[in-house]
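Colleague:
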Amino acid sequence: MSTPTGVTDPIDGRSARRDRNRTAVLDAVLELFAEGNLSPSADEVARRSGVSLRSVYRYVENSDDLIRAAVERRREQVAPLFEIDRLGEGPLAERIAVLCQTRVDAYDAIAPTARASRARAYTSSVLREQLDAASGLMRDQVVAQFAPELQAMDASSRAAVLAAVDVLCLPETIEHYRQRRRLTNRETATMLGGAIGRLFEPAT
0 MSTPTGVTDP IDGRSARRDR NRTAVLDAVL ELFAEGNLSP SADEVARRSG VSLRSVYRYV
60 ENSDDLIRAA VERRREQVAP LFEIDRLGEG PLAERIAVLC QTRVDAYDAI APTARASRAR
120 AYTSSVLREQ LDAASGLMRD QVVAQFAPEL QAMDASSRAA VLAAVDVLCL PETIEHYRQR
180 RRLTNRETAT MLGGAIGRLF EPAT
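Heads up: the sequence shown at position 189 corresponds to 188 in numbering that gives the first Met the number 0, and the numbers run straight through without jumps.
1. Following the continuous alpha helix (DSSP H) through M137, name the residue where it begins and the one where it ends.
2. Taking the straight line between their C-alpha atoms, what separation do you get for E60 and S155?
3. Apply the 10 Å Cβ neighbour rule to S123 and answer buried if 16 or more other Cβ atoms are within range, or exposed otherwise.
4. In chain order, what residues of the same chain lie with their CB nearer than 8 Å to the CB of L29, ignoring the 5 residues before and after it?
5. Tell me the rounded alpha-carbon separation between G135 and L98.
6. So what does DSSP say about T183, is it helix, strand or coil?
7. L126 and R119 look like a contact to me (Cβ under 8 Å); what is the Cβ gap, rounded to whole Å?
8. Take F32 and list the residues in its own chain whose beta-carbon comes closer than 7 Å to its own, dropping the five residues that flank it on each side.
9. Enumerate, from N- to C-terminal direction, the unbroken beta strand (DSSP E) stretches of 3 or more residues contained entirely within the segment 21-101.
10. Assess contact between the segment 76-96 and the segment 40-51, defined as three or more Cβ pairs (one per stretch) separated by less than 8 Å. Is contact present?
11. Does the segment 15-27 come into contact with the segment 90-97, if we say contact requires no fewer than three beta-carbon pairs (one atom in each stretch) closer than 8 Å?
12. So what's Y121 in DSSP terms, helix, strand or just coil?
13. Below 6 Å CB to CB, which residues in the same chain sit around E148 once its five sequence neighbours on both sides are set aside?
14. Look at A146 and G192 and say whether their C-beta atoms are less than 7 Å apart.
15. In terms of alpha-carbon separation, which member of D107, L161 and A194 lies closest to E171?
16. Quick check on the burial criterion: 16 or more other C-beta atoms within 10 angstroms. Buried or exposed for P201?
17. For R138, which residues of its own chain have a beta-carbon under 7 Å away from its beta-carbon, when the five flanking residues on both sides are left out?
This is the structure in structure tokens:
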């Protein structure tokens, strides 16, 4: 029997409620990350989300799955921040500045989640795989952004420069300047840009 017009199918209603509750649980984890709690307990997540403790584990299998799902949700949210318009196009100085500012802006958006992901990666193969995949994508972006300069180098120089640029743009490096050195967003991008620019200066 079909559902009368204007009446929500009970099954659809349950599915929508489940989706809302799961989103609330994952967003609660992300909020706790932002407050410095990198390993929130199920009790803490339940209290923050307003979802019952019993229900929390209806949406995830265990604590590692909870963290993994929250990290994945945050990455989906901030993925556009990592995109670079006109990738590999424009003068070298412009490409350097764009890459550095993009990475620093993205770091500012994901820093709490990135810390939690790194902290749990030692015991979670799924999180390690996520981090490795993200690192690979960022490295590919560097290769594309500086393709003309890298292709003009011999193999040894190309490998060395690529490795150095890759490390300079890692979230861990940016965190050092933002958190330990207390540099502003713009100061960090400028410092990274200066270092990368030197790597592409002609050898004398």
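We put the beta carbon where it would ideally sit given N, CA and C, even for glycine.
Modeller: So, from the listed chains and residues:
1. S124 to Q144
2. 46 Å
3. buried
4. A69, R72, R73, P111 and T112
5. 16 Å
6. coil
7. 5 Å
8. P111, T112 and A115
9. none
10. no
11. no
12. coil
13. F199
14. no
15. D107
16. exposed
17. D165
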